[in-house]
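Written below as C-alpha cells is the structure these notes are about.
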Amino acid sequence: MAGIDEGRPFVPLGIAVVTVSDTRGASEDRSGDTLAARIAEAGHRVSGRAIVRDEREALRAAVSGFVADPATDVVLTTGGTGFTGRDVSPDAIEPMFEKRMDGFSALFHDYSKGTVGTSTLQSRATAGVAGKTFVFVLPGSTGACRDAWDGVLKAQLDYRHKPCNFVEILPRLDEHLKRGKLRARA
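With UniProt numbering, the residue at position 101 of the sequence shown is 101, and numbering never jumps.
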C-alpha cells in the first residue's frame, strides 16, 4: 500500500531551485519562493537558488552547475515550459538527460488537471536524470509549482514513502556511467 512508513527515518536531500524568467528578480520570484518553502517545510535543504533568463545556454549552465555540485541531489526549474518562442526550458534541459522520466509528465498533468482542467495541456513539464541528479522542469506559475510538489514530488522525495521512492535509488543513478568506464577499459 502506498504511503509513509513512519518506521523509516527521514533522509533530507539537497534541492536546488532555478527560476527561468526574463522579468523576475529575487524579490518577485514567487514560484521559486513557493518551491523553496515547500522544500524546507518537508525537511529538505535548499542547496542553492538561481534566476536565469529564458535562454538555453544560461539555463543549461545553471542546471549543469547544480548537477555537478555534490550537495545537490535534485534540481527543480520553474518557468519556460509553455509554447511561446521564449519558452525553452524543456528544449534546453532534455538533451542533458541520460534517462527521461516520462511518468512524471503524465502524473503531473493528471494531478494538475484537477486544479486547472484542460489548461494543463499548456505545459511541457518534464523530468529526467542528469549525472547523479534528478532534474524536474516545472511550469512557472505558483499553482503549478504547488501541484508538482504536493501531487508528485513531496512523496517521491521522501525516503519513507512506500512502496518505492527516488531517495532509495539516488546512490545508483550513476551505474550506467561506471559500466561505461568498465567497458571502455576492457
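From the three backbone atoms N, C-alpha and C, an ideal C-beta is built for every residue, glycine too. Remember, predicted model here, so these are calculated numbers, not experimental data.
| Item | Value |
| --- | --- |
| Let's see if you can read the secondary structure: which residues bound the alpha helix (DSSP H) around residue 65? | 56-68 |
| Please report the straight-line C-alpha distance between residue 161 and residue 11, rounded to a whole angstrom. | 11 Å |
| From the DSSP secondary-structure annotation, give me the bridge partner or partners of residue 3. | 162 |
| With residue 130 and residue 138 assumed to form a contact (beta carbons below 8 Å), what rounded beta-carbon distance in angstroms separates them? | Contact flag wrong, Cβ pair sits at about 15 Å. |
| Report yes or no: do three or more beta-carbon pairs, one from the stretch 111-128 and one from the stretch 86-96, lie closer than 8 Å? | yes |
| Would you tell me roughly how many angstroms separate the C-alpha atoms of residue 22 and residue 164, rounded to the nearest one? | 38 Å |
| Buried or exposed, going by whether 16 or more other CB atoms sit within 10 Å of the CB of residue 34? | buried |
| So, is residue 121 buried or exposed, given that buried needs 16 or more other C-beta atoms within 10 angstroms? | exposed |
| What is the rounded straight-line gap between the Cα of residue 96 and the Cα of residue 114? | 31 Å |
| Rounded to the nearest angstrom, what separates residue 55 and residue 69 at their Cα positions? | 22 Å |
| State whether the stretch 73-84 contacts the stretch 101-113, with contact taken as three or more CB pairs (one from each stretch) at a distance under 8 Å. | no |
| May I have the straight-line CA-CA distance separating residue 159 from residue 9, to the nearest angstrom? | 7 Å |
| Can a CB atom of chain B be found closer than 7 Å to the CB of residue 19? | The chain labelled as chain B is not found in the depicted structure, where only one protein chain is given. |
| Relative to the C-alpha of residue 51, which residue among 3, 67 and 59 is closest? | 59 |
| In whole angstroms, what separates the C-alpha of residue 94 from that of residue 134? | 12 Å |
| At what residue ranges does the UniProt domain "MoaB/Mog" (16-160) contain a whole run of the alpha helix (DSSP H), taking only runs of 4 or more? | 30-42, 56-68, 89-93, 102-116 and 142-148 |
| When the Cα atoms are used, what is the spatial distance from residue 144 to residue 151? | 10 Å |
| So residue 63 and residue 116 are supposed to be a Cβ contact under 8 Å. How far apart are they, rounded? | At roughly 26 Å, the Cβ-Cβ gap does not stay under 8 Å, so residue 63 and residue 116 are not in contact. |
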